[in-house]
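Everything on this sheet refers to the single structure shown next.
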Amino acid sequence: MSSNQNLKDKIILITGAGDGMGKAAAIEYASQGASVILLGRDIKNLEKTHEIIISKNHLPQ
């Protein structure tokens, strides 16, 4: 199993995903193959996190 597939088929809910540790965790878990659910108070920050995940993992929007 390659390192970017460790969390394949897992779904992870990330609270505080728009900033700080939550953002970092969401990006890292997504890079390892997990489907992440982003939760936070600021939609613009969540959208930025989503864009980073999409761009780093070449995922469809």
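24 is the number of the first residue of the sequence shown in the numbering used here; add one for each residue after it. All C-beta atoms, glycine included, are put in the ideal place defined by N, C-alpha and C. Fair warning: this is a prediction, and the values are worked out from it, not measured in the lab.
Relative to residue 71, the option among 42, 58 and 60 whose CA is nearest is 42. In the structure shown, residue 61 adopts extended strand secondary structure according to DSSP, grouped into three states. Per DSSP, reduced to three states, the secondary structure at residue 69 is helical. Residues of the same chain with a CB within less than 6 Å of the CB of residue 60, apart from the 5 flanking positions on each side, are 36 in chain order.
Residue pairing by DSSP places residue 77 in no beta bridge whatsoever.
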